[in-house]
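Peer 1: Quick one: this structure, given as C-alpha cells, is what I'll be asking you about.
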Amino acid sequence: MKKNSLSLSLPEWVHDFLEKYEFPLVSPEERMRFVLDLTLQNIERATGGPFGAAVFERNSGKLVSVGVNVVMEQNCSAAHAEMMAIMLAQQELGTHDLGISELPELQLVTSGKMCAMCLGSVVWSGIREVVASAQPEDVENIVGFDEGPAPTDYDQQLEKRGISIIPSFLRKEGCAVLQRYVDLGGVVYNPSRSA
Ligand SMILES: [Zn+2]
531 MKKNSLSLSL PEWVHDFLEK YEFPLVSPEE RMRFVLDLTL QNIERATGGP
581 FGAAVFERNS GKLVSVGVNV VMEQNCSAAH AEMMAIMLAQ QELGTHDLGI
631 SELPELQLVT SGKMCAMCLG SVVWSGIREV VASAQPEDVE NIVGFDEGPA
681 PTDYDQQLEK RGISIIPSFL RKEGCAVLQR YVDLGGVVYN PSRSA
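Numbering (this note's numbering), first residue to last: 531 to 725.
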C-alpha cells in the first residue's frame with residue numbers, strides 16, 4: 531500500500547512561542563519583528579531552514595496562522611515557511627480561497643520575499659498583501675539557497691492580480707537573521723542535480 535495521505539506540522543516550540551506575544555499586532559513593524567523572532571527561533575532551535583512567515587488580518591492585525599521552514603524535518607521540499615503559513619490559514623479558516631468576501635483581507639508577512647514556488651502559492655491563495663523582509667538575492671548571496679526563476683516584473687505580477695507587496699521591509703534585520711543561520715552552520719539543502 532502506497533501512502534495516500536500526508537500531514538505536516540510545525541515544531542512543538544511554536545505553541546509556547548506564541549504565548550509570549552499578545553495579539554493583535556497593530557503595526558507592520560510589530561508584525562515583521564514577530565516574524566523575524568519566529569524565524570530566529572527556528573534557527574536557534576535547529577528545527578528547520580532560516581525562514582518564517584505569518585498570516586494576519588490586514589486591518590486588525592489579528593494573527594491567523596504562522597509557518598516556519600520544516601523542509602528537512604518533514605521530508606517535504608514544499609514545506610517552506612510561506613507555504614506552511616498559507617496552508618495552515620486555509621485549514622484554520624476552512625477554505626482554499628483566502629480572498630473570499632466573507633473574510634477580512636489577509637496579509638502574509640514573511641522573513642524573505644517568496645521563492646518561485648511560494649510566489650505561485652501566494653497568487654493561488656487569495657492573500658491580498660505581502661510584506662517581505664530579505665530579498666531573494668539576499669537569500670542566495672548570504673545563505674546560498676537557489677530561489678528559482680522569478681519574473682523580472684515580480685512585484686508587478688502580484689499587483690496586476692490585486693495583491694499589493696511591500697518588499698525590503700526591515701531588510702537589514704531580515705539579512706541579520708539569515709546571517710545567523712550561516713554563523714551557526716545551518717544546512718543549505720539545495721536539491722541534487724545532474725552536472
Ligand atoms: Zn518558498
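Beta carbons: idealized from backbone N, C-alpha and C, even for Gly.
Can we say the segment 597-616 touches the segment 555-563, given the rule of at least three CB pairs closer than 8 Å?
Peer 2: The segment 597-616 is not in contact with the segment 555-563.
Peer 1: Heavy atom of ligand 1 less than 7 Å from the Cβ of residue 645, yes or no?
Peer 2: Residue 645 sits at position 115 when you count from the first residue of the sequence shown. True, at least one ligand heavy atom lies under 7 Å from that Cβ.
Peer 1: Can residue 667 be considered in contact with ligand 1, in the sense that its beta carbon sits closer than 7 Å to one or more heavy atoms?
Peer 2: Residue numbering aside, residue 667 sits at position 137 when the sequence shown is read from its first letter. For ligand 1, not one heavy atom lies less than 7 Å from the Cβ of residue 667.
Peer 1: Is residue 606 near ligand 1, judged by its Cβ being under 7 Å from some heavy atom?
Peer 2: To locate residue 606, count along the sequence shown from 1; it is residue 76. Not under cutoff, so the answer is no.
Peer 1: If contacts are defined as beta-carbon pairs under 8 Å, then residue 723 and residue 573 qualify, I think. What distance do you get, rounded to the angstrom?
Peer 2: Sequence index remark: in the sequence shown, residue 723 carries index 193 (1-based). Sequence index remark: in the sequence shown, residue 573 carries index 43 (1-based). Actually they do not touch by this definition, with Cβ atoms about 26 Å apart.
Peer 1: On the CB-based measure, 16 or more other CB atoms within 10 Å of its CB, does residue 630 come out buried or exposed?
Peer 2: The residue you call residue 630 lines up with position 100 of the sequence shown. Flag for residue 630 reads exposed.
Peer 1: Report the residue from 545, 532, 537 and 561 whose alpha carbon sits nearest the alpha carbon of residue 700.
Peer 2: Translated into positions along the sequence shown, residue 700 becomes position 170. For the residues 545, 532, 537 and 561, the minimum Cα distance to residue 700 belongs to 561.
Peer 1: Could you name the residues of the same chain whose beta carbon sits closer than 6 Å to that of residue 645, not counting the 5 residues immediately before and after it, in chain order?
Peer 2: Locating residue 645 in the sequence shown gives position 115, counting from the first residue. Within the same chain, residue 645 has close Cβ partners 677 and 678.
Peer 1: In the DSSP output, what is residue 595 paired with across the bridge?
Peer 2: What you label residue 595 is simply residue 65 of the sequence shown in a count that begins at 1. Answer by DSSP bridge pairing, in chain order: 585.
Peer 1: With a Cβ-Cβ cutoff of 8 Å, do residue 639 and residue 706 count as a contact?
Peer 2: Locating residue 639 in the sequence shown gives position 109, where the first residue counts as 1. Locating residue 706 in the sequence shown gives position 176, where the first residue counts as 1. The answer is no: Cβ separation not under 8 Å.
Peer 1: Can you tell me whether DSSP reads residue 695 as helix, strand or coil?
Peer 2: Here residue 695 is taken as the residue at index 165 of the sequence shown, counted from 1. Three-state DSSP puts residue 695 in a strand.
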